[in-house]
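J.: Quick one: structure below, then a few questions.
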Amino acid sequence: MHTKFTRIVKNLSQYVLVILAIVVVNPGYAEQINPQVTLEKVANATFARIELDQQITESDPDHLRVIIEEELMPYIDHKFAAFKVLGKQFRSVPKDKIPEFVDEFKQYLISNFAMVLASYGGQELLFEPVKDPENQKDMTVKAIIRKAGTPDIHISFKLRKSKQTQEWKTYDLVAEGISLLSSKQSEFASLIRQQGIQAVIDEMKNKNRQSLSVVSNIN
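Under the numbering used here, think of the first position of the sequence shown as 297, with each following residue one higher.
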C-alpha cells in the first residue's frame, strides 16, 4: 500500500512541476483583486511560447531555461520559497551562505521546470473560481489537470500578496495533500544536518549545470 502511494506521488510530481512553472500572476488591477483571473491566460501563453520556440529547443534544449527565466521566474516568489524550504534549518545556516543558496535555488527551480516542460504533452488546466479574494493576503487556488486517457489530478496553488507591491505570486503547490516545498524541505534538511548547507548548494549547482534533453510531445 505504501509503495503504491509513493509511486502515485512520484508520478504526480512531474505534473506538479509543470503546473507550478506556468502559474504566474501579473500585477494588473484585476489580478490584484483576483489572481485566479490570469492563471488560465498565462498557462495558455506559456504553452504557446513553448510551441512557438519548438524548433529552437530541439536544436538547443537549454533554450527552455531562457523561456522560463524570461516568462515565469519574475512572477514566482523564489526567495520566499527558498526560505520555506530551509525551514527550521535557517538558523543553523551561516548567513553569508544565504544569498548563494537563494540564487542556486532559483536556478534549481528553473532547471526542474525546464526538464518537465521539455516533455510537455498537452495537459489541460481547469481552474475553480476563487471566493472573496479581495481582502486576503494568502490564497489557495484549486485546479484540475486533465489529459485524455488519464485520471484527473486535483491540485492546489499557494499564493501570497507582497506587502510592498501588492502583487500576487506563487510559492508552492500541493498535490494529493503533499506540498512540493515540504517535500523538498525534508530532502534538504537531512543533507544540511549531515553535511551542511554547502552540500545542498553543490548538489543544486551540479543539477543546474546539466544540459537538458528534449523529447517533443507536441502534436
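Where is the CB? At the ideal position from N, CA and C, for every residue including glycine. These figures come from a predicted structure and were not determined experimentally.
Quick one: grab the DSSP three-state call for residue 496.
T.: Reduced to three states, the DSSP call for residue 496 is helix.
J.: Could you tell me which residues DSSP pairs with residue 423 in its beta bridges?
T.: According to DSSP, residue 423 bridges with 439.
J.: With 16 as the cutoff for other CB atoms within 10 Å, does residue 372 come out buried or exposed?
T.: The residue is buried, with at least 16 neighbouring Cβ atoms inside 10 Å.
J.: Taking buried to mean at least 16 other C-beta atoms within 10 Å of its own C-beta, is residue 352 buried or exposed?
T.: Residue 352 should be labelled exposed.
J.: Under the assumption that residue 470 contacts residue 457 (Cβ atoms under 8 Å), give the Cβ distance between them as a whole number of angstroms.
T.: Going by Cβ atoms, the distance from residue 470 to residue 457 rounds to 19 Å, so no, they are not a contact pair.
J.: In whole angstroms, give me the CA-to-CA distance for residue 342 and residue 367.
T.: When rounded, the distance between both Cα atoms is 7 Å.
J.: Under a three-way DSSP split, which group does residue 456 fall into?
T.: Residue 456: strand per DSSP, three-state reduction.
J.: Indicate whether the contact test is met: 3 or more Cβ pairs, each with one atom in the stretch 445-453 and one in the stretch 470-482, closer than 8 Å.
T.: Yes, the stretch 445-453 is in contact with the stretch 470-482.
J.: Does DSSP put residue 399 in a helix, a strand or coil?
T.: Of the three classes helix, strand and coil, the one that applies to residue 399 here is helix, per DSSP.
J.: Compute every distance between the C-beta of residue 381 and the non-hydrogen atoms of the ligand SAH, then say whether any falls below 8 Å.
T.: In terms of ligand content, the structure shown is empty, and the ligand SAH therefore cannot be addressed.
J.: Have a look at residue 536 and residue 423 and give me their C-alpha separation to the nearest angstrom.
T.: One cannot answer for residue 536 here, as it falls past the ends of the chain, which runs 297 to 515.
J.: What first and last residue would you give for the beta strand (DSSP E) that runs through residue 471?
T.: Run containing residue 471: 464-471, per the beta strand (DSSP E) assignment.
J.: Give me the residue from 447, 501, 494, 344 with the minimum Cα distance to residue 389.
T.: Of 447, 501, 494, 344, the residue nearest in Cα terms is 494.
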